[in-house]
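K.L.:
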Amino acid sequence: MNFKSITFFVVFLSCLLVSKAEKVEVVVEGATSIAQTDEDFICVTLDWWPTNKCDYDQCPWGQAGLFNLDLKNKILEKAVKAFHPLRIRVGGSLQDQVVYNVRNNIENCQPFQKQDKGFLFGFSIGCLDMKRWDELNEFFNQTRAKVTFGLNALIGRKESETEKTLWVGDWYSHNARDLMSYTISKGYTIDSYELGNELCGVGVSARIEAKQYAKDMATLKNLVKEMYPNPKTQPKILGPGGFYDKKWFDTFLDASGHDVIDGVTHHIYNLGPGNNPDVVRRVQDPFFLTQIAQTFKDVSNAIVKFAPWSGAWVSESGGAYNSGGQLVSYTFAFGFWYLDQLGMTSVYNHKVYCRQALTGGNYALLNTTTFVPNPDYYGALLWHRVMGSKVLSVTHKGSPYLRVYSHCAKKEPGVSFVFINLSKNTSFEIDLFHDLNLNGGSPNFEFKGHKKREEYHLTPKDGNILSSIVLLNGTPLELSDSLEIPELKPKLVDGLKPISIAAHSIAFVTIRDFNAPACS
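Position in the sequence shown (first residue = 1) + 719 = the numbering used here.
Structural data, given as structure tokens:
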């Protein structure tokens, strides 16, 4: 073989590799929606963890805990404001050890201190003074955040003398009453109160029996009704805020009573511990990612059966527990898991999805030290801006490595999609079909748009999915010189062309002239 022949062969082989695109027909059922999220579906947690919260020889929380967070930081402020509004949950593992010093009657009111014995999670009781509560609410008001506040559910109880980790007795609501009274007197707005953190089922460090928890939820409901008598401004009641256990949840919901619980909250950490070397494989494995769907379905079914007036919330989800995956959770790769979670929970009629955390730990949306956004921040912001609340059924018979979710577009007419390509080597060319047949079966008709599509393609820098730098339509997303969040501009594409999804990429696509009756 001569030099010219070798050169031609190499070029031909390169073209074959580059053009390895699989054609996929994606079918959207636009006649009716299959579920509905809250308009402000995206939520993040601000956690109580102190600086010396450490896992696997790392202490990744820095100054990100609620007692230490720099609330005057301009990047933090602008990152929250960009959502207009962003749901913020105040809570986490230590919330059941927080007391509120409303009456200034707690001597030596201090944040959490490291303790070897006698306290949950190795930390003492933490005391929230009203100066810090004022500062937090000033930040919430300034950024127009919607606030869920996690209340201490262990106050007034004691640990059982016969059963380890079981806490018994009624919830002592007086400290919560004091906090609500102060909050109302200052004109602060709370969207919802959640009682307890990971105390259901077998618990994490402590647990409460289901019927007792139901009784305490009724106490909280009555307290909120008393303190906020106007139904239009009355905060929602959420619980139990822990890991799903069928028997426990069924008993809890059955015993709670009519119209007590507004949001049934549960937590998701399905990737294993933060030091698990398998996390990066799991976030790219469609078969592993799908396993958690049964939990979402079970929670949704339990609500239909026992509490149809309420809705399902994921009130905390960080993927890998103990502060997140050490080398994965702040990289582009984690977006495969995160955006797939958003898609799956919306399909199973979850109203809100709360990411752990806004900042702090390896899984934060904002870098714990600099507050510069990590890749998932932009995925969350795009979801918030383009994906509406009505969820559409969307299917395809192509590779399982292509994940697709569809909603009515947000605010303006049309339909929005998120395409998640988990494959390292295969790109996809998407042809859309619109199924308007309410009774199933054929015919579907191929959709060809006449207006330009709005496309947002997210890819990792240099093709490395473990990069913490993300590109939007080929341009790195970076803060401006004045520390502004970059503008997220779509690429306008001829509506007659197939949608191209590159290998190891995520794409949001909005089609304004896709006329789905469910979205009208």
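The beta carbon of each residue, even a glycine, is placed where N, CA and C say it ideally should be.
Judging by CA-CA distance, which residue of Asn1041, Gln1003, Asp964, Lys772 is the nearest neighbour of glutamine 1013?
P.N.:
Position 294 of the sequence shown holds residue 1013. Per the Cα distances, Asp964.
K.L.:
Rounded to whole angstroms, what's the CA-CA distance from lysine 1116 to leucine 839? Just pull it up for me.
P.N.:
Residue 1116 sits at position 397 when you count from the first residue of the sequence shown. Residue 839 sits at position 120 when you count from the first residue of the sequence shown. Each residue's alpha carbon lies about 49 Å from the other.
K.L.:
Compare the C-alpha of proline 1094 against each of Tyr891, Asn1183, Val1033 and name the closest.
P.N.:
Translated into the one-based positions of the sequence shown, residue 1094 becomes position 375. Closest by alpha carbon: Asn1183.
K.L.:
Given 7 Å as the limit, tell me if alanine 1026 has its C-beta closer than that to any heavy atom belonging to the ligand MG.
P.N.:
With respect to the ligand MG, the structure offers nothing, as it holds no ligand at all.
K.L.:
Evaluate the contact criterion for the segment 973-983 versus the segment 1023-1033: three or more CB pairs, one atom per stretch, below 8 Å.
P.N.:
With the cut-off at 8 Å, the segment 973-983 and the segment 1023-1033 touch.
K.L.:
Tell me which residue opens and which closes the alpha helix (DSSP H) that proline 1094 is part of.
P.N.:
Here residue 1094 refers to the residue found at position 375 of the sequence shown. Run containing proline 1094: 1094-1105, per the alpha helix (DSSP H) assignment.
K.L.:
With distances taken from CA atoms, which of Val1228, Tyr1040, Leu1077 is nearest tyrosine 1124?
P.N.:
Looking up residue 1124 in the sequence shown gives position 405. Per the Cα distances, Val1228.
K.L.:
Using a 10 Å radius around the Cβ and a threshold of 16 neighbouring Cβ atoms, would you call arginine 822 buried or exposed?
P.N.:
The residue you call residue 822 lines up with position 103 of the sequence shown. Exposed, by the Cβ-count rule.
K.L.:
Hey, quick one: how far does the beta strand (DSSP E) through glycine 1043 stretch, first residue to last?
P.N.:
Counting from 1 along the sequence shown, the entry for residue 1043 is found at position 324. Per DSSP, glycine 1043 belongs to no beta strand (DSSP E) and is neither H nor E.
K.L.:
Considering only the alpha carbon of each residue, which of Leu805, Leu1100, Asn941, Arg926 lies closest to arginine 896?
P.N.:
Counting from 1 along the sequence shown, the entry for residue 896 is found at position 177. Ranking the options by Cα distance to arginine 896, first place goes to Asn941.
K.L.:
Please name the residue or residues paired with isoleucine 1218 in a DSSP beta bridge.
P.N.:
For the purposes of this step, residue 1218 is identified with residue 499 of the sequence shown, where counting begins at 1. BP columns for isoleucine 1218 point to Ile1149.
K.L.:
Tell me the DSSP bridge mates of histidine 1176?
P.N.:
Indexing the sequence shown from 1 puts residue 1176 at position 457. Paired residue(s): Ala1226.
K.L.:
Among Gly961, Leu870, Cys1073, Tyr947, which has the Cα closest to the Cα of leucine 1058?
P.N.:
Stepping through the sequence shown from its first residue, residue 1058 is reached at position 339. Checking every option, the nearest Cα to that of leucine 1058 belongs to Cys1073.
K.L.:
Could you give the distance in angstroms between the alpha-carbon of serine 1135 and the alpha-carbon of cysteine 762?
P.N.:
Taking the first residue of the sequence shown as 1, we reach residue 1135 at position 416. Taking the first residue of the sequence shown as 1, we reach residue 762 at position 43. Near 20 Å, if we compare the C-alpha coordinates of cysteine 762 and serine 1135.
K.L.:
Count the other C-beta atoms from every protein chain shown that fall within 10 angstroms of the C-beta of glutamine 816, then say buried if there are 16 or more, exposed otherwise.
P.N.:
Position 97 of the sequence shown, counted from the first residue, corresponds to residue 816. With 16 or more Cβ atoms within 10 Å of its Cβ, glutamine 816 is classed as buried.
K.L.:
Does DSSP put tyrosine 912 in a helix, a strand or coil?
P.N.:
Residue 912 sits at position 193 when you count from the first residue of the sequence shown. Reduced to three states, the DSSP call for tyrosine 912 is strand.
K.L.:
Using DSSP with H/G/I as helix, E/B as strand and the rest coil, what is phenylalanine 802?
P.N.:
Numbered from its first residue, the sequence shown carries residue 802 at position 83. Coil at phenylalanine 802, not helix or strand.
K.L.:
My assumption, with CB atoms under 8 Å, is that lysine 865 sits in contact with aspartate 759. Please give the rounded CB distance.
P.N.:
Stepping through the sequence shown from its first residue, residue 865 is reached at position 146. Stepping through the sequence shown from its first residue, residue 759 is reached at position 40. Right, the Cβ-Cβ distance comes to about 6 Å (below 8 Å), so this counts as a contact.
K.L.:
Histidine 1153 and phenylalanine 1138 - do their beta-carbons sit closer together than 8 Å?
P.N.:
If you number the sequence shown from 1, residue 1138 lands on position 419. If you number the sequence shown from 1, residue 1153 lands on position 434. For phenylalanine 1138 and histidine 1153, no; Cβs fall outside 8 Å.
K.L.:
Going by DSSP in three states, lysine 955 sits in which element: helix, strand or coil?
P.N.:
For this step, residue 955 is matched to residue 236 along the sequence shown. Three-state result, lysine 955: strand.
K.L.:
Do tyrosine 775 and asparagine 994 have their beta-carbon atoms positioned less than 8 Å apart in this structure?
P.N.:
As a working note, residue 994 is residue 275 in the sequence shown. As a working note, residue 775 is residue 56 in the sequence shown. Yes, Cβ-Cβ distance for asparagine 994 and tyrosine 775 is below 8 Å.
K.L.:
In terms of alpha-carbon separation, which member of Ala740, Val745, Thr756 lies closest to alanine 1128?
P.N.:
Numbered from its first residue, the sequence shown carries residue 1128 at position 409. Minimum Cα distance to alanine 1128 is reached at Thr756.
K.L.:
Out of Cys1238, Val1033, Ala925, Tyr1097, which has the shortest C-alpha to C-alpha gap to leucine 1198?
P.N.:
In the sequence shown, residue 1198 corresponds to position 479, counting from 1. Among Cys1238, Val1033, Ala925, Tyr1097, the Cα nearest to that of leucine 1198 is on Tyr1097.
K.L.:
Less than 7 Å between C-beta atoms, sequence neighbours within five positions excluded: which residues of the same chain meet that for threonine 1114?
P.N.:
By 1-based counting over the sequence shown, the position of residue 1114 is 395. Val746.
K.L.:
Could you check if asparagine 894 is buried or exposed, using at least 16 other CB atoms within 10 Å of its CB as the buried criterion?
P.N.:
In the sequence shown, counting from the first residue as 1, residue 894 sits at position 175. Classification for asparagine 894: buried.
K.L.:
DSSP state of aspartate 1213, grouped into three classes?
P.N.:
In the sequence shown, counting from the first residue as 1, residue 1213 sits at position 494. Coil, per DSSP.
K.L.:
Please list the terminal residues of the continuous alpha helix (DSSP H) segment that includes glutamate 854.
P.N.:
Along the sequence shown, one-based indexing puts residue 854 at 135. Glutamate 854 -> alpha helix (DSSP H) spans 849-862.
K.L.:
According to the neighbour-count rule (16 or more other Cβ atoms, all chains shown, within 10 Å of its Cβ), is asparagine 1144 buried or exposed?
P.N.:
Numbered from 1 along the sequence shown, position 425 holds the residue referred to as residue 1144. By the 10 Å Cβ count, asparagine 1144 comes out exposed.
K.L.:
If we count the other Cβ atoms within 10 Å of its Cβ and call it buried at 16 or more, is arginine 1000 buried or exposed?
P.N.:
Counted from its first residue, the sequence shown places residue 1000 at position 281. Exposed: under 16 other Cβ atoms inside 10 Å.
K.L.:
Rounded to the nearest angstrom, what separates leucine 873 and tryptophan 890 at their Cα positions?
P.N.:
In the sequence shown, counting from the first residue as 1, residue 873 sits at position 154. In the sequence shown, counting from the first residue as 1, residue 890 sits at position 171. Cα to Cα, the separation comes out at about 7 Å.
K.L.:
Keeping to the same chain, check which residues put their C-beta closer than 6 Å to that of leucine 736; ignore five residues upstream and five downstream.
P.N.:
Taking the first residue of the sequence shown as 1, we reach residue 736 at position 17. Interpretation of leucine 736 is limited by its pLDDT of 46, a score under 50 that renders its predicted location unreliable; the figure taken from the coordinates is listed afterwards. Excluding sequence neighbours, leucine 736 sits near nothing in its chain.
K.L.:
How would you call alanine 1021, buried or exposed, if buried means at least 16 neighbouring beta carbons within 10 angstroms?
P.N.:
Numbered from 1 along the sequence shown, position 302 holds the residue referred to as residue 1021. Burial call: buried.
K.L.:
Would you identify the three-state DSSP class for glycine 961, choosing helix, strand or coil?
P.N.:
Position 242 of the sequence shown, counting from 1, holds the residue named residue 961. DSSP places glycine 961 in strand when its eight states are reduced to three.
K.L.:
According to DSSP, is lysine 1243 part of a helix, a strand, or is it coil?
P.N.:
With the chain running from 720 to 1239 in the structure shown, residue 1243 is simply not present.
K.L.:
In chain order, what residues of the same chain lie with their CB nearer than 6 Å to the CB of glutamate 917, ignoring the 5 residues before and after it?
P.N.:
Here residue 917 corresponds to residue number 198 of the sequence shown, with the count starting at 1. Hits under 6 Å: Val923, Gly961.
K.L.:
Short of 6 Å in beta carbon distance, which residues of its chain neighbour serine 911, apart from the five on each side in sequence? Order them along the chain.
P.N.:
Locating residue 911 in the sequence shown gives position 192, counting from the first residue. Closer than 6 Å at the Cβ level, and outside the excluded window around serine 911, lie Thr867, Pro954, Lys955, Leu957.
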